[in-house]
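Asks: Can you keep this structure in mind? I'll have questions shortly.
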Amino acid sequence: MPVLRNALAGLRTLFRKREAEREMDEELRAYLEASAEEKMRSGMSREEAFRAARVEMGSAEAVKEQIREAGWERAIDSLWQDIRYGARMLRKSPGFTAVVVLTLALGIGANTAIFSAVYGILLKPLDYPHSGRLVTITGAFTPQGSSGFFLSYPEFEAIRSRSNDFQQIAAWNEWPLRLTGSGAPEELLATKVTGDYFSTFGMKPVIGRPILPSDCHTGRDRVVVISYGLWRSHFDANTAILGKAITLGGKPSEVIGVMPPEFDSHGAQARIRRVWAPLVPPVVERTARGWRDHGIIARLKPGVTLSRANAHLRALSALLAEEYPTTDKGWVMSAERLQDSIVKRARAGLLVLLAAVSLVLLIACANVSNLVLGRAWARRKEAAIREAIGATRFRLFRQFLVECILLGLAGGALGLALGVWGVSVLRAIAPPYTPRVNQVQLDLAVFGYAFGLSLFSAVLFGIVPSLRISREQLDEALREGRSAGRPAIEGRRAGWLRGALVVTEVALAFLLLIASALTIRSFRKLTSTPLGFRTDRLLTMGVDLSRSVCGHAAPCRAAFSQIARRVASLPGVESVALSSMTPMSGLATYSFSVEGQPKPKFDWQEPSAEYVEVSPGYFQTMGIEILRGRAFTSQDTAGAGPVAIVSRALARRYFSGDALGKLIHVSSQPGWATIVGETNDARDISPSSQPKPELYLPFDQAHPFKVFPSATLLVRTAAKPAVIFPFIRRQVWTVDKEAPVSDLETGDEIVSEAVANPRFRTLLLGVFGGLGLVLALGGIYGVLQYAANQRRHEIGVRTALGAGPSDILLLMLRQGLLLTLAGIAIGLCGALALTRFLRSLLFGVTPTDPGTFAGAAFLLVAVALAACYVPAKRAARTDPMSVLRNE
Amino acid sequence: MPEKSASLVQGTLDMLILKTIDLEPLHGYGIALRIEQMSRGVFRVNPGSLFPAFRRLERSGLLRGEWRSTENNRRAKYYLLTERGRKALKSETREWSKQIAAIARILEAT
């Protein structure tokens, strides 16, 4: 209560200041009168009494001041005074204010934008209740090291029945599925899920019911839950859809529910149109423990830590390895937070960007600090006068810091505006498949961050100048006006301080420059790496034949080869091929056995390779060279003897370089296949990964049409590829008029997409590096300009004593150069210590690449000399007479 | 001007003010006068200490001000003890006597 009363009374005084003052006056007057009356009673005359009373009371103003000081509102009031005064002073020097606010706005804006990405993607919890307890469970073969593999259904069942750490657990696998009969045929993402899937996430459908355990049985599984996006785009968001049948993959399924919109963006990639269907554990999967294609999502019980769950999973893996050594030996299951599993790909890149923008802001602060320091020096006379009429040192300090905070906040406000723009730019240029990119927005946390950053920067750049002005020997400032005209020289310490600021700035800029130079170099290496295939004039698209055409393997093969023939006959088409994979679209690793080599003891020790089924024209169309042997021909059909072609890497690893004529067996082919050719290595997974052993099989011999009536059509054109697309599509439709032709991309687009992440990073780091360089340039220029002014007198004397303009020029340049070199030396140490964090993001460049370091240093020195040149030149032109006469 | 309140132990002014208005509501000068009279001229409180003390006490709810007319028909702000002020006075008086007695014991012991 008293606190509240005190607060209210204080507020009243603040807001009804005039009234409070009047009351105070009246009270004092009453006191005076009473005192005088008392004195008159003891015999004084009226005048005498009043005079005595006044003397006794002392200065009424002083008393009032003491009364005012008794309330807390006094502090606010004087702070408000400081704020108004500060704002007035800033308005008086618009040039200074504009430069500072703009510099800060650049730094804060860039930070706000990058932080919004860091927050939205990495920090903000997922949109599910208690999402911190959601984990994915994956497996890894310990000897091989790589992790994150799916689990088999029996493993899922083992965890479900034997682990006690999870409240719910569900398995899923994803499948493309065609929706027909509801508008244009469309390929959807279908996720088959076990009955606890939705309850694990803690999500319910907006209408209808979720998939329940009772749905996951053969005969009862023709039900489907659809996504909000699909509901809106195909069914007009009409609730009448519940209970209706839709045609998925040629079969009717009853719609039982619609998930809320938040669930659209679920998983690593936002796919708006998708469906969920019951996962019926097929008998074969119950037994095939090595068939690992199920994702596992689970919710930890409250109080169960991730490390405990992982310890139990390891123990369970060990048990399974004993029970099923062939498939499970060396196989270890582990849990990971769902959020981590979704965003981990983006983490390193984002953190590097955040570090880079932080450097930009620090450089900006160093710059501003220098400007503010100069201003503090210029205003020492004002400070001296204020002190002389009673301002305390603390008050001077506070007043100056308040001014800095005003600058910081103004910079922050403008920075926030820049940040809004930055966020939209980031979202627009974010690489495809950036996880959670829709969460990158300006929400309260980002706003708070920007605000905190403004205050932080204000204190950072303001504290030193504010301390200095309050510690200055101010009486000197008042006196120096007399030493006629000659400007006071700032002390040695101040010069040192400025130098230190510039050195810091150069060091930070150097660090930033190194980071961006390394990334740029790495990116250039990446894009200039020979891929082993040609990407120009290459067109790829997905062709998805309908069940009416592709009911059986033979007509399906015929349909595909007819499409290939028809497209090949189009004018402007050089060659055509069919393949089971789009280049750089992902992995399909198959294990195989080699004739004459014993089958290894454990499944994971089997030879394995990237596996792709291709039609005869593939190597010609892709521009992959046949080094030895032959390509596939139209004679390599289902009836003919099985053949295979291997890449050089495969031949080297498993056949000591000589694979021709050897026999290998892959599970997708019925018998042993003869290796008839060897190709060069192609980086068709990503430009940054080493070429893997690759195994090619004839499309007509291996493609399991019953499961996938779809293929990638690859077309090499004579001219610009996109023009020809409508004609290709028409040819596909003459064979199957219901076939969707999707994912049209040129070879260059595919490669460009594959390097989208590094490109995004390189672009931003390049921008930040440039920004840092420009800021550092401004800083060096400012300091040298200032030094030149300070040394005017000295330079005048030197010139008078015979120094030529070039001597003066060198003198000034040397000062700038020394500061720059000191900065580079410090920055170099920092870079050597820090660039190793970039290692995982670099390709073909070491984090301490000497060439890059030297280049960055050279660039910085060149820029610094350029920045020094103008002030140095001006100093060199100093007329000694005018300087000395001024004394 | 003789400034005797300097010898006033820190914090005792508040207690003295509360005590003076415990008997009857008084205005500012009246309180100063009463303190001087009761202390037989030992304590003379100047307005520079008195009024800030009023504000402090008013803010913490120990007394409240009221504009009234004086015996000479002038307006003056009278200070009244609140219930909370009365309690505070009582506990502070108790505390004070305890301390005085303790100090006296120490001084007599030598």
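As they're listed, the protein sequences go chains A and H. Just so it is clear: in the first sequence, position 655 is 655 by this note's numbering, and no numbers are missing. For this note's numbering, add 1000 to where a residue sits in the second sequence, where the first one is 1. Note that CB positions come from ideal geometry on N, CA and C, so glycine has one too.
(1) At least one CB of chain A closer than 9 Å to the CB of H:Phe1043: is that the case?
(2) Identify every run of the beta strand (DSSP E) within the segment 86-133 of chain A, keeping only runs that are complete inside it and at least 3 residues long; order them along the chain.
(3) Applying the 10 Å Cβ sphere with the 16-neighbour rule, what's the burial state of A:Ala484?
(4) H:Pro1052 touches chain A at which residues, Cβ-Cβ below 8 Å?
(5) On a CA-only basis, which of A:Gly120, A:Pro176, A:Pro598, A:Trp331 is nearest A:Ala445? Give me that one, please.
(6) By the criterion of Cβ-Cβ separation under 7 Å, what are the contact partners of A:Ser78 in chain H?
(7) Tell me which residues share the same chain as A:Asp748 and place their Cβ nearer than 6 Å to its Cβ, disregarding the 5 neighbours each side in the sequence.
(8) Counting only C-beta atoms, is A:Gly485 closer than 9 Å to chain H at any point?
(9) What is the rounded straight-line gap between the Cα of A:Arg127 and the Cα of A:Thr527?
(10) When DSSP labels each residue in this structure, what does A:Glu69 get in the three-state scheme?
(11) Would you mind sorting A:Leu123 into buried or exposed? The rule is 16 or more other CB atoms within 10 Å of its CB.
(12) Run through chain A and tell me which residues come within less than 7 Å of H:Tyr1029, C-beta to C-beta.
(13) To the nearest angstrom, how far is the alpha carbon of A:Thr679 from that of A:Val258?
(14) Whose C-beta lies closer than 6 Å to the C-beta of A:Ala171 among residues of the same chain, with five residues either side of it excluded?
(15) Which residue's Cα is closest to the Cα of A:Glu38: A:Ala52, A:Asp25, A:Leu28, A:Ile389?
(16) In angstroms with no decimal places, state the Cα-to-Cα distance between A:Ile207 and A:Leu418.
(17) How would you list, in chain order, the residues of chain H whose beta-carbon sits under 7 Å from the beta-carbon of A:Asn164?
(18) Can you give me the C-alpha to C-alpha distance between A:Glu61 and A:Ala388, rounded to a whole angstrom?
(19) By the three-class DSSP mapping on this structure, what secondary structure does A:Gly295 have?
(20) Who are the near neighbours of H:Leu1081 in its chain, counting only those whose CB is closer than 6 Å to its CB and skipping five residues on each side?
(21) Would A:Asp25 be called buried (16 or more neighbouring beta carbons within 10 Å of its own) or exposed?
(22) For the segment 718-727 of chain A against the segment 636-654 of chain A, do three or more pairs of beta-carbon atoms, one drawn from each stretch, fall closer than 8 Å, so that the two count as touching?
(23) Residues bridged to A:Pro698 by DSSP?
(24) Within the 9 Å Cβ cut-off, does A:Ala49 reach chain H?
(25) Looking at the structure shown, is A:Lys873 part of a helix, part of a strand, or coil, going by DSSP?
(26) Name the chain A residues that come within less than 8 Å of H:Lys1077, Cβ to Cβ?
(27) How about A:Phe523 and A:Pro758: are their beta carbons less than 9 Å apart?
(28) Measure how close the beta-carbons of A:Ala577 and A:Leu714 come, nearest whole angstrom, since I'm counting them as under 8 Å.
(29) When you compare each of A:Ile137, A:Leu179, A:Val741 to A:Leu255 by their alpha carbons, which one comes out closest?
(30) Kindly say whether H:Arg1034, judged by its beta-carbon, lies nearer than 9 Å to any beta-carbon of chain A.
(31) DSSP on A:Asn173, reduced to helix/strand/coil?
(32) Report the partner residues of A:Arg628 according to the DSSP bridge assignment.
(33) Go ahead and pull the three-state DSSP assignment for A:Tyr324.
(34) Mind checking A:Cys829: buried by the 16 CB within 10 Å criterion, or exposed?
(35) Name the one or two DSSP bridge partners that A:Ala577 has.
(36) Starting from A:Val343, trace the alpha helix (DSSP H) both ways and give me its first and last residue.
Replies: Taking the definition as stated:
(1) no
(2) none
(3) Here the model assigns A:Ala484 a pLDDT of 42, short of 50, so the residue's position is not dependable, and the following value carries that caveat. Classification for A:Ala484: exposed.
(4) Gln66, Ile67, Glu69, Ala70
(5) A:Gly120
(6) Result: empty, since nearest Cβ-Cβ is about 16 Å, beyond 7 Å.
(7) Thr535
(8) The pLDDT assigned to A:Gly485 is 44, lower than 50, so where the model puts this residue is not dependable, and the model offers no usable value.
(9) Residue 127 of chain A is actually Asp in this sequence, not Arg. Between A:Asp127 and A:Thr527, the C-alpha separation is close to 37 Å.
(10) helix
(11) exposed
(12) Tyr31, Ala34, Ser35
(13) 49 Å
(14) Phe156, Thr194, His294, Ile296
(15) A:Ala52
(16) 41 Å
(17) Per Cβ cutoff of 7 Å: no residues; A:Asn164 is ~59 Å from chain H at best.
(18) 19 Å
(19) strand
(20) Ile1021, Asp1022, Leu1063
(21) exposed
(22) no
(23) A:Val614
(24) no
(25) helix
(26) Glu23, Glu26, Glu27, Ala30
(27) yes
(28) 5 Å
(29) For the record, residue 255 of chain A in the displayed sequence is Val; it is not Leu. When only C-alpha atoms are compared, the closest one is A:Leu179.
(30) no
(31) strand
(32) A:Glu678
(33) coil
(34) exposed
(35) A:Leu714
(36) 338-378
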